[in-house]
Each structure stands twice: as structure tokens, then as C-alpha cells.
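Residue numbers (the numbering used here), protein chains in the order written: chain A, 2 to 227; chain G, 2 to 227. Using N, Cα and C, we set each Cβ at its ideal position, and we do this for glycine too. Here the structure is a predicted model, which means the values were calculated and not measured. Encoded as C-alpha cells, the structure appears first; notes follow it.
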DNA sequence: GTCTATATCCCGATAGAC
DNA sequence: GTCTATCGGGATATAGAC
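Structure below.
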């Protein structure tokens with residue numbers, strides 16, 4: 002059955018965006034030509050310019066289509082686990098799983114966007130808005146965790162979210178460069194320190210929780226390479 | 002006094018490197034042409050290829066000329082202050098001072114190099130070695146701070162250095178995008194939480210800390226092969 | 001809206017004079 | 001070692017047919 006013109010137009014636009022997302026993440030934005038994006042989407046470069054006007058327009062449209070997804074989804078899907086430490090571990094492993102190359106591609110693209118934002122005000126505006134939304138969301142999440150357990154967070158939720166994201170981002174960067182230097186346990190430990198989770202900083206007053214630190218949950222063996 | 006040929010050669014090399022450093026930091030590596038580097042150094046592109054063979058060779062030579070400086074210098078120069086909190090504040094402010102645009106340029110170039118390292122093994126080797134050295138140095142520094150005060154760091158020195166650098170890097174990124182979102186006080190607070198400095202996380206009972214796990218330092222020579 | 005063809009520009013690298 | 005001139009390639013973006 003044939004499509005209407007509107008359907009084809011919409012599909013072309015969607016295909017171009019999807020192709021751009023994959024290629025940009027894999028090779029970097031500057032390294033990907035408009036022709037390459039179009040070819041990967043089964044179209045030609047003319048379609049790109051008809052839809053987005055320029056390569057920059059394509060990039061901005063791509064960012065706009067990411068308003069809600071990515072990090073928000075990540076935080077939402079781990080909301081099922083109960084213990085704060087388990088939550089932290091889940092967040093970190095989803096973010097920096099070296100076996101899953103998707104996360105590596107995303108973090109690479111995230112950093113390239115940050116770098117571009119530093120020199121391109123148009124991109125900066127979009128990224129800034131997205132960051133602020135994600136921060137508010139994770140602040141709510143963190144507030145819930147810290148009140149559930151009797152924690153002594155290093156700051157109030159909004160600022161705590163900044164600290165947590167900073168640590169996650171920096172750890173993911175170092176793991177990407179030297180996978181052996183950042184173990185899962187270290188990441189959880191650092192996050193727990195920021196949240197002030199009982200068990201590692203204040204063992205004096207364990208009202209209800211059990212302060213076992215290291216004998217508990219899944220401990221994957223960090224695989225070395227070579 | 003005229004120069005000898007060797008002197009002129011050395012000066013040309015130095016000028017090319019200096020020009021490349023400035024332009025790369027300002028505009029990004031890919032955005033700077035070889036001609037632009039040469040012109041900024043008062044030479045022509047032929048000089049670049051005579052000295053470095055390619056643009057990539059220029060980049061690697063530039064990285065090599067930065068073996069010791071940058072972060073090591075930064076950590077060393079703040080070693081005078083006494084209180085750990087003062088040290089933390091000094092490190093952070095030197096790293097992320099928004100009024101000083103040098104630090105902004107520096108961190109931008111630093112991130113671009115990280116991004117490039119993720120896709121270019123040659124660059125990755127250099128960055129990895131430099132990171133490892135800086136980590137060892139700051140680990141020693143941190144060990145001194147934490148033992149001087151009665152702190153409960155979140156991890157042993159080498160790993161603590163990873164956490165601290167991660168937090169600093171992530172905070173600097175967020176401050177670059179949203180300067181208002183990251184206050185100096187927040188940064189110091191987060192760092193203090195990682196170091197387990199008394200006064201903010203464990204006001205109750207700073208009892209005996211766990212014994213140092215690793216007191217000897219293995220001086221492994223970073224090997225690089227290609 | 002999409003394709004083909006092309007205009008225009010700029011980059012990295014090389015060749016050869018000096 | 002440095003400069004001038006240039007080649008070859010690939011990029012963004014446009015023009016016009018359909």
C-alpha cells in the first residue's frame with residue numbers, strides 16, 4: 002500500500018534524524034557529511050536541505066527531538082529498585098557499562114554536544130534547557146532516596162543533583178580512557194559519600210538499617226583488557 | 002645579532018607549537034587549518050610539514066610538550082595553604098575561575114583531547130600516560146591532606162584521586178554551561194564529602210579510620226607500544 | 001519534496017626553487 | 001629549513017528538472 006505524500010515526508014524526516022543520530026554518535030558530528038547522513042537514510046542530500054535548511058539545522062532538530070529521552074529515561078527505569086545503594090549501582094552501570102557499546106556512543110555524543118555548546122550559543126541554549134530539566138527530575142529522585150534512608154547528603158537536592166551528575170560524568174570519562182581505573186564499587190562508593198548514605202561515613206547511628214558495606218550485592222569482576 | 006640556523010629552527014618549532022596551542026584552545030583542533038597555525042607563527046605551512054610531517058604530528062608534538070605542566074603545576078602551587086578546605090577551594094577556583102578565561106580555554110582543549118582520544122589510539126596513549134602521572138601525584142597530595150586532618154575518605158588515595166578528579170571535571174563542565182548552577186561553596190562541599198572531612202558529614206564520632214590498605218607505591222613504568 | 005548536477009570553497013599534503 | 005605554487009579530495013550549499 003502506498004503512502005500519502007505527508008506520510009512519506011514525515012518518514013523521510015524521521016529516517017534522516019535517526020541516521021544522523023547514529024552516525025553522529027559513531028563518528029562525531031564534524032566527521033559526518035550531509036551526504037553520508039542522507040545516504041544512510043536512503044535519501045540524497047537535497048532532502049536534508051529541503052527539511053532542515055543546513056547541517057546545523059539538522060543538528061538542532063535532532064537535539065529538539067531529544068527533549069525527554071536519554072537521561073530521564075535512564076533515571077526513570079531504575080526507579081523500581083529499593084535500596085539506595087542498589088539504585089546508585091544501577092544508574093552507574095547503565096551509564097558506564099563498558100560491555101554495552103551503546104552507552105559509550107551516547108556519552109561520546111553527549112560530550113561532543115557539550116563541547117559544541119561551549120562555542121555555539123544556539124546549541125548551548127538547547128543543551129542548557131535539557132540539563133536543567135534533567136537536574137530537576139533527578140533532584141526529586143535524590144530527595145526521595147535520601148529521605149527514605151537516613152542519609153546526610155552533602156547538599157540540598159537541587160545542588161546534590163549537580164554533584165551527582167558531575168561525579169557520574171567525570172567517572173564515565175575516566176573509565177572510557179582507562180577502564181581499569183574506575184571500578185563499579187568505586188563509583189558506588191563515591192556516590193554514597195555524596196549522598197551521605199549511612200554505612201560508610203557515619204556508622205555511629207544506625208537506627209534501623211544494617212550497615213554492611215561490602216558483603217552485599219552483585220559484584221561484577223572488573224575485566225581487564227589485554 | 003643574527004641567529005644560527007639551529008637557533009632559527011628551534012625558534013620556528015617553538016613558535017609553531019605555541020601558535021597551535023593558542024589556536025587549538027580557542028577554536029578547536031579541527032577548525033584550525035595548518036595554514037592558520039603557520040601564519041599565526043609567522044611562517045608558512047611548509048614549515049609545519051618540515052617539522053612535524055602532518056597536522057597529527059603537530060598535535061602529538063604539542064601533547065608531548067605538556068608532559069609535566071598544566072595540572073601538576075596547579076596542584077603543586079596550592080600546596081602552601083594549610084587547611085584541607087582551603088586547599089580544596091584553591092584547587093577548584095584555579096580550575097574553574099570564570100573570570101579567568103585561561104582556565105576556560107584550558108578545560109575546553111582538555112575535553113577536546115579526551116574526545117579525540119576516544120577515537121584516536123595515538124592520542125589516547127599520550128593522554129592516558131599523562132592522566133596516570135597526574136593521578137599518582139594528586140594521590141600523594143590527597144593522602145597527605147587526609148592523614149593531616151582526621152578524615153574518613155571514601156576510598157584509598159589512588160582511587161580517591163579518581164573520585165576527586167571526576168567531581169572536579171564534571172563540576173567544571175556544568176559550570177561552563179550554567180555558571181550559576183555551580184557555586185564555589187557547592188564544589189568545596191562535594192569535595193569535602195569525598196574526602197570525608199570532619200565537620201560536614203560525620204559530626205558524631207571520628208573514631209579510628211580503617212588502616213591504609215596500600216602503603217607502598219609500585220613504580221610501574223607506563224609502557225606504550227603501537 | 002526529492003533527485004541530479006554542479007558551483008564554490010577550503011583543507012591537507014606534496015613538489016621544487018632557493 | 002623555508003617558501004611558493006599547486007594538486008586532489010571532500011565539504012556545504014544551490015539550481016533546476018520532475
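* Range covered by the alpha helix (DSSP H) that runs through residue 40(G) -> Within the second chain, residue 40(G) is the residue found at index 39, counting from 1. Per DSSP, residue 40(G) belongs to the alpha helix (DSSP H) from 35-41.
* For residue 42(G), which of 90(G), 10(G), 162(G) and 66(G) has the nearest alpha-carbon? -> The residue given as residue 42(G) occupies position 41 in the second chain. Closest option to residue 42(G), Cα to Cα, is 10(G).
* **Inter-stretch contact (C-beta, 8 angstroms, three-pair minimum) for the segment 116-123 of chain G and the segment 140-147 of chain G** => no
* Every unbroken alpha helix (DSSP H) inside the segment 79-149 of chain A [4 residues or more] -> 85-97, 102-118 and 122-149
* Asked: Is the distance from the Cβ of residue 13(A) to the Cβ of residue 44(A) below 9 angstroms?
  -> Counted from its first residue, the first chain places residue 13(A) at position 12. Counted from its first residue, the first chain places residue 44(A) at position 43. The answer is yes: Cβ separation under 9 angstroms.
* Distance, Cα to Cα, residue 242(G) vs residue 64(A)? -> Outside the shown range of chain G, which is 2 to 227, sits residue 242(G), and nothing can be said about it.
* Straight-line gap, residue 134(G) to residue 40(A) (C-alpha atoms, nearest Å) -> Position 133 of the second chain, counted from the first residue, corresponds to residue 134(G). Position 39 of the first chain, counted from the first residue, corresponds to residue 40(A). Straight-line Cα distance between these residues: approximately 44 angstroms.
* Beta-carbon separation of residue 52(G) and residue 17(G) under 9 angstroms? -> The sequence position of residue 52(G) within the second chain is 51, counting from 1. The sequence position of residue 17(G) within the second chain is 16, counting from 1. Going by C-beta atoms, residue 52(G) is nearer than 9 angstroms to residue 17(G).
* Asked: Does any C-beta atom of chain G lie closer than 9 angstroms to the C-beta of residue 185(A)?
  -> Taking the first chain and counting its residues from 1, one reaches residue 185(A) at position 184. So no, residue 185(A) is outside the interface.
* **Residues within the segment 125-137 of chain A neighbouring chain G, beta-carbon criterion of under 9 angstroms** => Residues passing the 9 angstroms Cβ filter: 125, 128, 129, 132, 133 and 136.
* Asked: chain A partners of residue 163(G), CB-CB under 7 angstroms?
  -> Taking the first residue of the second chain as position 1, residue 163(G) is located at position 162. Those within 7 angstroms of residue 163(G) in chain A are 175, 182, 183 and 187.
* Opening and closing residue of the alpha helix (DSSP H) in which residue 46(A) lies -> Along the first chain, read from residue 1 onward, the residue named residue 46(A) stands at position 45. Its alpha helix (DSSP H) spans residues 46-53.
* Asked: Can you list, in chain order, the residues of the segment 111-126 of chain A whose Cβ is nearer than 8 angstroms to any Cβ on chain G?
  -> 112, 113, 115, 116, 118, 119, 120 and 125
* So, is the C-beta of residue 88(G) closer than 9 angstroms to a C-beta in chain A? -> Against the second chain, residue 88(G) aligns to sequence position 87. Chain A contact via Cβ: absent.
* Asked: What's the C-alpha gap between residue 96(A) and residue 108(A)?
  -> Residue 96(A) sits at position 95 when you count from the first residue of the first chain. Residue 108(A) sits at position 107 when you count from the first residue of the first chain. Cα-Cα distance, rounded: 8 angstroms.
* Asked: Between the segment 151-168 of chain A and the segment 98-107 of chain A, do at least 3 Cβ pairs fall closer than 8 angstroms?
  -> Cβ pair count under 8 angstroms is below three, so no.
* Cut-off 8 angstroms between Cβ atoms - residues of its own chain near residue 93(G), not counting five sequence neighbours on either side -> For the purposes of this step, residue 93(G) is taken as the residue at position 92 of the second chain. Same-chain partners within the cutoff: 169, 172, 185, 188, 189 and 192.
* Are the C-beta of residue 28(G) and some C-beta of chain A separated by less than 9 angstroms? -> As a working mapping, residue 28(G) is identified with position 27 in the second chain. Interface residue, yes.
* Excluding five sequence neighbours on each side, which residues of the same chain lie with their C-beta closer than 8 angstroms to the C-beta of residue 129(A)? -> In the first chain, residue 129(A) corresponds to position 128, counting from 1. Only 118 meet the Cβ criterion.
* Asked: Using a beta-carbon distance below 9 angstroms, is residue 98(A) in contact with chain G?
  -> Taking the first residue of the first chain as position 1, residue 98(A) is located at position 97. For residue 98(A), the answer is no, since every Cβ of chain G falls outside 9 angstroms of its Cβ.
* Asked: Is the CB of residue 240(G) under 9 angstroms away from at least one CB in chain A?
  -> The first residue shown for chain G is 2 and the last is 227, placing residue 240(G) beyond what the model contains.
* Distance between residue 33(A) and residue 48(A) (C-alpha atoms, nearest Å) -> Taking the first residue of the first chain as 1, we reach residue 48(A) at position 47. Taking the first residue of the first chain as 1, we reach residue 33(A) at position 32. Each residue's Cα considered, the two are about 16 angstroms apart.
* Reducing DSSP to helix, strand and coil, say where residue 160(G) ends up. => Residue mapping note: residue 160(G) aligns to position 159 of the second chain, counting from 1. Note: residue 160(G) maps to helix in three-state DSSP.
* chain G contact for residue 179(A) (CB, 9 angstroms cutoff) -> Position 178 of the first chain, counted from the first residue, corresponds to residue 179(A). Chain G contact via Cβ: present.
* To do: List the whole-angstrom C-beta distance separating residue 38(G) from residue 20(G), where the pair is believed to meet the contact cut-off of C-beta under 8 angstroms.
  => Position 37 of the second chain, counted from the start, is the residue given in the question as residue 38(G). Position 19 of the second chain, counted from the start, is the residue given in the question as residue 20(G). Confirmed, about 5 angstroms.
* **Contact belief for residue 154(A) with residue 196(A) at Cβ below 8 angstroms, rounded distance in angstroms** => What you label residue 154(A) is simply residue 153 of the first chain in a count that begins at 1. What you label residue 196(A) is simply residue 195 of the first chain in a count that begins at 1. Contact holds; Cβ gap of about 5 angstroms.
* Would DSSP call residue 179(A) helix, strand or coil? -> On the first chain, position 178 is the one that residue 179(A) refers to. Correct three-state label for residue 179(A): coil.
* Closer than 8 angstroms by beta-carbon distance: list the chain G residues that pair up with residue 156(A), in chain order. => Here the question's residue 156(A) lines up with position 155 in the first chain. Per Cβ cutoff of 8 angstroms: 187, 190 and 191.
* Beta-carbon spacing of residue 159(G), residue 132(A) below 9 angstroms -> As a first step, residue 159(G) is located in the second chain; it is residue number 158 there, counting from the start. As a first step, residue 132(A) is located in the first chain; it is residue number 131 there, counting from the start. Going by C-beta atoms, residue 159(G) is not nearer than 9 angstroms to residue 132(A).
* Assigned exposure category for residue 142(G) - 16 Cβ within 10 Å defines buried -> Mapped onto the second chain, residue 142(G) falls at position 141. That one is buried.
* Using a threshold of 9 angstroms, state whether the C-beta atoms of residue 57(G) and residue 123(G) are closer than that. => If you number the second chain from 1, residue 57(G) lands on position 56. If you number the second chain from 1, residue 123(G) lands on position 122. Yes.
* To do: Quick one: list the residues of chain G neighbouring residue 160(A), beta-carbon separation under 7 angstroms, in chain order.
  => In the first chain, residue 160(A) corresponds to position 159, counting from 1. By Cβ distance, chain G contributes 187.
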